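Beneath this line is the structure, given in structure tokens, with notes to follow.
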Amino acid sequence: MSQFDLIVIGAGPGGYVAAIRAAQYGMKVAVVERNTVGGTCLNRGCIPTKALLHAGEVLDEMREASKLGLSCGEVSYDMEAVYKRRDDVVKKLRGGVEMLFKSYGVTLYRGHGSFVDKNTVCVTSDSGEENISAKYIIIAVGSEVRNPHFPGIELAMDSDDILEKHLEIPQNVAIAGASVIGVEFATIMRSFGKNVTIIATRDHLIPKTDRDLGIQLGTTMKRKGIKILYKSRMKEVQKIDGGVRVFFTTPDGVDSIDTEMLIACIGRSPYLEGLKPENAGVEVKDGKIVVDDNLKTSADNIYAIGDCLGGEIQLAHWASAQGCNVVADICGKERPYNLAACPACIYTSPEIANVGLTEEECAEKGIEVEVGKYNMAGNGKSMIVNQGGFIKVLFEKGTEKMLGAALFCNRATDIVGELAVCVATGMTREEFLKTIHPHPTVVEGVMEAVEASEGMSIHSAKVVR
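Read in the working numbering, the sequence shown has 363 at position 131, and its numbers run on one by one without any break.
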């Protein structure tokens with residue numbers, strides 16, 4: 233039986249990053265992966281979604297070329313070619329991860345991993361079974377699509393279908409779910425000229441983020457022709473000629489719409505099938521691996537990271553950071569990441585990003601804040617690229633430390649990195665404003681928002697108090 237210092241079960245962004253970091257620290261590492269390396273994010277999540285979103289963005293820019301005094305002739309697209317490029321990007325990145333494993337001497341076992349005991353994992357593949365053992369084990373098995381329980385759900389597509397298959401998308405599409413996956417899919421479908429309806433359970437979109445973001449996104453999407461049915465909860469789906477009939481409850485009773493395709497974007501759940509955690513003494517509750525504050529399970533040598541923990545945060549970079557922290561703990565090194573300041577990104581148009589606390593969360597915690605909000609209509613670069621939006625920052629009253637930020641603007645997903653540093657380090661408003669921001673850029677809006685928190689934004693009209 234092969235012996236390792238560390239076994240990582242799962243080669244997604246949590247697992248493969250933890251494995252490489254451990255190898256960098258000199259550990260002998262094995263990774264067990266039942267599918268393809270890269271996990272959900274690379275193969276049927278972040279990367280293929282963004283490949284489709286980018287194609288849609290370019291298509292929109294081509295349509296709007298005339299507004300810039302440009303002409304590019306008739307605008308059209310070849311969906312098979314779009315899918316091929318998506319697949320090529322995924323394949324290239326997947327090959328890159330496998331190359332990194334070889335570079336750092338990480339042994340990759342292709343098969344399904346299950347616990348024999350707290351130090352032993354059985355790898356089951358087409359060629360049979362093999363036991364491997366290690367002093368430490370990290371569970372990074374990820375998640376799977378969570379299908380809601382209502383009649384007719386089998387008639388709907390899900391995110392795996394859209395991101396892995398070469399589907400012919402019909403003209404009329406309904407999307408059940410208004411969180412990250414739902415609004416990104418709506419953005420993709422609209423860019424490719426489809427008639428899109430979002431079925432949202434709340435009175436605004438993306439309910440787990442700053443409320444202003446969800447409200448502004450809804451307004452922007454409706455202006456672009458996306459229909460949004462608020463306060464609507466899925467009830468049943470029935471097959472009809474040419475598509476499906478979707479029934480949903482509203483405050484006024486039961487309503488329905490007919491559509492050619494329904495995409496269910498309800499969420500994801502931990503994937504623990506066949507893992508046999510009980511053999512290792514690992515506690516599972518409500519379908520989730522139970523861990524302490526250090527991400528250690530009930531077995532003292534086994535840790536768990538990423539989506540298998542459940543919870544509201546299901547982000548690739550979150551899992552990667554957890555993996556690096558766990559490996560640091562195992563090796564007796566200082567944890568590199570502050571997990572309390574994890575930025576989240578949504579690739580709509582304009583983009584959305586947030587980090588730290590929201591206004592609503594501060595109110596719930598009884599934290600007094602000073603809010604700075606800047607309308608990006610006054611930002612030169614945003615006007616040039618024809619995207620508006622806003623940037624909002626929160627400072628704790630008294631200490632003036634930055635507690636959170638919310639962005640709805642061009643390049644929001646890049647800019648939020650700067651604000652994540654501010655939140656993670658507890659940077660004060662005074663410290664932030666010592667840094668000059670370049671012009672003309674979108675990131676100038678961050679400086680304006682920070683200045684606005686004390687009524688000093690240069691490019692905002694005077695507020696009469």
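The C-beta atom is built at its ideal place from N, Cα and C for all residues, glycine as well. Model, not experiment: these values are computed from the prediction.
- Query: Is DSSP giving residue 619 helix, strand or coil here?
  - Reply: Walking along the sequence shown from the start, residue 619 turns up at place 387. Residue 619 falls in the coil class under three-state DSSP.
- Can the beta-carbon of residue 573 be found closer than 8 Å to that of residue 656? The residue labelled residue 573 in the question sits at position 341 within the sequence shown. The residue labelled residue 656 in the question sits at position 424 within the sequence shown. Yes, they are a contact pair.
- Item | Proximity below 8 Å, CB of residue 436 to CB of residue 420 | Reading the sequence shown from its first residue, position 204 is the one you call residue 436. Reading the sequence shown from its first residue, position 188 is the one you call residue 420. Not a contact, by the Cβ cut-off of 8 Å.
- Whole-angstrom Cβ separation of residue 353 and residue 369, contact assumed at under 8 Å? Reading the sequence shown from its first residue, position 121 is the one you call residue 353. Reading the sequence shown from its first residue, position 137 is the one you call residue 369. That belief holds up - the Cβ atoms of residue 353 and residue 369 are roughly 7 Å apart, short of 8 Å.
- For residue 520, which of 670, 511, 375 has the nearest alpha-carbon? The residue labelled residue 520 in the question sits at position 288 within the sequence shown. It is 375 whose Cα lies nearest to the Cα of residue 520.
- Exposed unless 16 or more other CB atoms sit within 10 angstroms - verdict on residue 491: Taking the sequence shown and counting its residues from 1, the one referred to as residue 491 is at position 259. Classification for residue 491: buried.
- Message: In whole angstroms, give me the CA-to-CA distance for residue 649 and residue 577.
- Response: On the sequence shown, residue 649 is found 417 positions in, with the first residue counted as 1. On the sequence shown, residue 577 is found 345 positions in, with the first residue counted as 1. Roughly 10 Å between the two C-alpha positions.
- Opposing strand residues paired with residue 626 [DSSP bridges]: Taking the sequence shown and counting its residues from 1, the one referred to as residue 626 is at position 394. Paired residue(s): 603, 636.
- Any contact of the segment 462 to 471 with the segment 307 to 327, i.e. 3+ C-beta pairs under 8 Å? no
- Tell me the DSSP bridge mates of residue 412? Taking the sequence shown and counting its residues from 1, the one referred to as residue 412 is at position 180. Note: residue 412 sits in no beta bridge, so no partner.
- When the distance is taken between beta carbons, is residue 372 closer than 8 Å to residue 556? Within the sequence shown, the letter at position 324 stands for residue 556. Within the sequence shown, the letter at position 140 stands for residue 372. No; because the gap between Cβ atoms is not below 8 Å, this pair is not in contact.
- Taking the alpha helix (DSSP H) that residue 290 falls in, what are its first and last residues? Taking the sequence shown and counting its residues from 1, one reaches residue 290 at position 58. Where residue 290 is concerned, the enclosing alpha helix (DSSP H) stretches over 278 to 295.
- Span of the alpha helix (DSSP H) holding residue 191? Shown here, the chain extends from 233 to 697; a query on residue 191 therefore has no answer.
- Distance CB(residue 269)-CB(residue 243) smaller than 8 Å: Position 37 of the sequence shown, counting from 1, holds the residue named residue 269. Position 11 of the sequence shown, counting from 1, holds the residue named residue 243. Cβ atoms of residue 269 and residue 243: closer than 8 Å.
- Message: Based on DSSP bridge pairs, tell me the residues matched to residue 479.
- Response: For the purposes of this step, residue 479 is identified with residue 247 of the sequence shown, where counting begins at 1. DSSP output for residue 479 lists 468, 488 as bridge partner(s).
- Query: Identify the residues that DSSP records as bridge partners of residue 236: which are they?
  - Reply: By 1-based counting over the sequence shown, the position of residue 236 is 4. Its beta-bridge partners are 366.
- Query: When the Cα atoms are used, what is the spatial distance from residue 275 to residue 600?
  - Reply: Start at 1 with the first residue of the sequence shown, and residue 275 comes out as number 43. Start at 1 with the first residue of the sequence shown, and residue 600 comes out as number 368. Taking the straight line from one Cα to the other gives about 43 Å.
- So, helix, strand or coil for residue 451, using DSSP? Position 219 of the sequence shown, counted from the start, is the residue given in the question as residue 451. Helix at residue 451.
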